[in-house]
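Asker: So the protein lines, in turn, are chains R and A. Using the working numbering, the final residue of the first sequence is 117, and nothing's skipped along the way. Using the working numbering, the final residue of the second sequence is 112, and nothing's skipped along the way. Ideal placement from N, C-alpha and C gives every residue a C-beta, glycine not left out. Shown below is the structure under consideration.
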Amino acid sequence: DTEVTQTPKHLVMGMTNKKSLKCEQHMGHRAMYWYKQKAKKPPELMFVYSYEKLSINESVPSRFSPECPNSSLLNLHLHALQPEDSALYLCASSLTVPGQGSTGELFFGEGSRLTVL
Amino acid sequence: SQQGEEDPQALSIQEGENATMNCSYKTSINNLQWYRQNSGRGLVHLILIRSNEREKHSGRLRVTLDTSKKSSSLLITASRAADTASYFCATLFNSGNTPLVFGKGTRLSVIA
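Given below as structure tokens:
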């Protein structure tokens with residue numbers, strides 16, 4: 001299995017809602033990532049989990065709350081979002097963690113398209 | 001910013017022509033990678049070139065790396081309509097402690 005699976009593919013939520021994005025990989029990868037991507041822009045790193053622990057938080061607002069329940073799963077909990085948070089949210093994984101001989105090669109899911117009304 | 005810069009930002013060519021995209025970066029790298037993204041989809045890894053390599057091929061893809069100029073190019077030969085996508089370069093810095101840094105991307109349109 002060489003896939004990173006993200007659900008849901010599309011999500012529409014109001015500013016007062018609480019929702020979650022989910023990501024799963026069964027490749028035995030030890031690092032998992034959340035990226036945010038706006039139209040015609042490159043992916044922006046949000047969070048990195050290394051060995052199930054949060055290792056990088058790129059100063060992301062607290063209305064985004066990541067969680068890594070186990071080595072295969074990564075969640076992004078969303079609460080009190082703003083319309084400007086509407087974007088494509090991409091999950092990725094890598095075989096090894098940054099700084100441990102990793103090539104850095106990332107395997108991406110297809111993304112969750114989030115619209116905040 | 002350590003982010004790479006691609007040029008051109010957008011490129012439109014006819015099917016069968018070659019497409020060349022360039023990427024420049026600012027600091028020493030361990031490797032440079034190219035990714036492809038179809039509209040609204042995830043990114044797909046295309047090819048990785050290490051800092052001690054100068055050229056690499058994969059099918060219709062040819063990547064070059066010039067570390068003295070801190071630049072790379074991606075050549076797609078005999079392009080097809082299905083090659084229409086955004087292409088991003090991404091660099092792994094020598095420290096290796098940080099994840100890949102993505103460039104701004106080139107949007108390629110191949111017209112049938």
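(1) For E53(A), which three-state DSSP category applies?
(2) Would you mind reading off the limits of the beta strand (DSSP E) that contains Y25(A)?
(3) Could you confirm whether any beta carbon from chain A is found closer than 8 Å to the beta carbon of P8(R)?
(4) Just confirm the distance between the C-beta atoms of S112(R) and L11(R), as a whole number of angstroms; I'd bet it's less than 8 Å.
(5) Please list, in chain order, the residues of the region 76-104 of chain A that have any C-beta partner in chain R closer than 7 Å.
(6) Can you tell me whether S1(A) is buried or exposed, with buried defined as 16 or more other CB within 10 angstroms of its CB?
(7) Among S109(A), T98(A) and T91(A), whose alpha-carbon lies nearest the alpha-carbon of L48(A)?
(8) Should F102(A) and P42(R) be called a contact, given that it needs their Cβ atoms to be closer than 8 Å?
(9) In the region 44-76 of chain R, which residues sit with their C-beta less than 8 Å from some C-beta in chain A, listed in chain order?
(10) Over the uninterrupted beta strand (DSSP E) stretch that includes R62(A), give me the two end residues.
(11) Span of the beta strand (DSSP E) holding P66(R)?
(12) Is A80(R) helix, strand or coil by DSSP?
(13) Quick one: Cα of V4(R) to Cα of Y87(A), how far?
(14) Could you give the DSSP three-state label for A90(A): helix, strand or coil?
(15) If you draw a straight line from the alpha carbon of E17(A) to that of C89(A), how long is it in whole angstroms?
Answerer: For this structure:
(1) coil
(2) Unbroken run through Y25(A): none, as it is neither H nor E.
(3) no
(4) 6 Å
(5) F88, L92, G96, N97, T98, P99, L100, F102, G103 and K104
(6) Caution is warranted here: a pLDDT of 47 is assigned to S1(A), below 50, making its placement in the model unreliable, and the coordinate value is therefore given only provisionally. With fewer than 16 other Cβ atoms within 10 Å, it is exposed.
(7) T91(A)
(8) yes
(9) L45, V48 and I56
(10) L61 to D66
(11) F64 to N70
(12) coil
(13) 20 Å
(14) strand
(15) 21 Å
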